[in-house]
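*Asks:*
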Amino acid sequence: MNTFVNKKIGHYQGIEMNKYGSDKLKNTKMIDSLRRYRNN
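In structure tokens form, the structure reads like this:
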């Protein structure tokens, strides 16, 4: 299950990086909820 979630997080982070560049990367609600889901 973890690999699935990690791939999704990477996917969303990639989108965010395209928008803002890696230095201004913020966690979106989607990324946060995926992280929480992975840790629980």
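In the numbering used here, the protein residues as written are 1325 to 1364. Beta carbons: idealized from backbone N, C-alpha and C, even for Gly.
1. Mapping the DSSP letters down to three states, classify T1352 as helix, strand or coil.
2. Could you tell me if I1355 is buried or exposed, where buried requires 16 or more neighbouring beta carbons within 10 angstroms of its beta carbon?
3. Nearest-angstrom Cα distance between T1327 and S1357?
4. Can you tell me whether N1342 is helix, strand or coil according to DSSP?
*Replies:* Considering the structure as presented:
1. coil
2. buried
3. 16 Å
4. helix
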